[in-house]
Structures are given as C-alpha cells and as structure tokens.
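A.B. asks: Residue numbers (my numbering): 145 to 234.
Beta carbons: idealized from backbone N, C-alpha and C, even for Gly.
Written as structure tokens, this is what we have:
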C-alpha cells in the first residue's frame, strides 16, 4: 500500500515551481521611431551607414506588406520620389 502513495507524490513534484522561470521579454523598446525621425524628408539613399535595428522594412508606394506585427522592426515609408515620409515600428 505504501508503494501506491509514493507514485502520486512523484507526480506532484512536476507541479512545483523551481524559480527558474526567467523569461527575457523584448518589446517595442528595441525599436524607437522617434530616434529615426531625422530621416523624414531625406532620400532613401541617405540610409546606408545609419545604425538601424536588425529588422528593417522599407515600404515604397503600392508595396505589398505582411500584416504581422514585429515590435522590433523599423518600418520606413517612402513616396514616389524615394523620399522618406514616415518611420514606425511594427
């Protein structure tokens, strides 16, 4: 009978917290559109050499874009002449 009590106790150990639940959260703080507002009004060619986030998406007029939201991605919107009109994250 004592063996049968031991088995459920082993199962309960799986429910215990270990304190090792450290999750590194990355959010929109990795992409700050205000830091790139100086690009607005400049030509697309002025972007090389500027330190941008690893995730960068340049959107020209009538560009097809996915609707997924990536808070780490910098979106740069251009007009027909290649001038940067807006910068956002997502």
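Hey, quick one: how far does the beta strand (DSSP E) through residue 228 stretch, first residue to last?
C.D. replies: On the chain shown, residue 228 is found 84 positions in, with the first residue counted as 1. Start and end: 228-233.
A.B. asks: Measure how close the beta-carbons of residue 183 and residue 228 come, nearest whole angstrom, since I'm counting them as under 8 angstroms.
C.D. replies: Counting from 1 along the chain shown, the entry for residue 183 is found at position 39. Counting from 1 along the chain shown, the entry for residue 228 is found at position 84. The pair is a contact, with the Cβ atoms about 5 angstroms apart (cut-off 8 angstroms).
A.B. asks: Give the single residue among 226, 193, 225 and 230 whose Cα lies nearest to the Cα of residue 219.
C.D. replies: The residue you call residue 219 lines up with position 75 of the chain shown. Closest by alpha carbon: 230.
A.B. asks: Can you name, in chain order, every residue of its own chain whose Cβ lies under 7 angstroms from the Cβ of residue 175, other than the five neighbours on each side?
C.D. replies: Numbered from its first residue, the chain shown carries residue 175 at position 31. Same-chain partners within the cutoff: 197, 215, 216, 217, 218 and 233.
A.B. asks: Report the CB separation of residue 188 from residue 202 in whole angstroms; it is logged as a contact under 8 angstroms.
C.D. replies: Against the chain shown, residue 188 aligns to sequence position 44. Against the chain shown, residue 202 aligns to sequence position 58. Their Cβ separation, rounded to whole angstroms, is 7 angstroms, which keeps residue 188 and residue 202 in contact under 8 angstroms.
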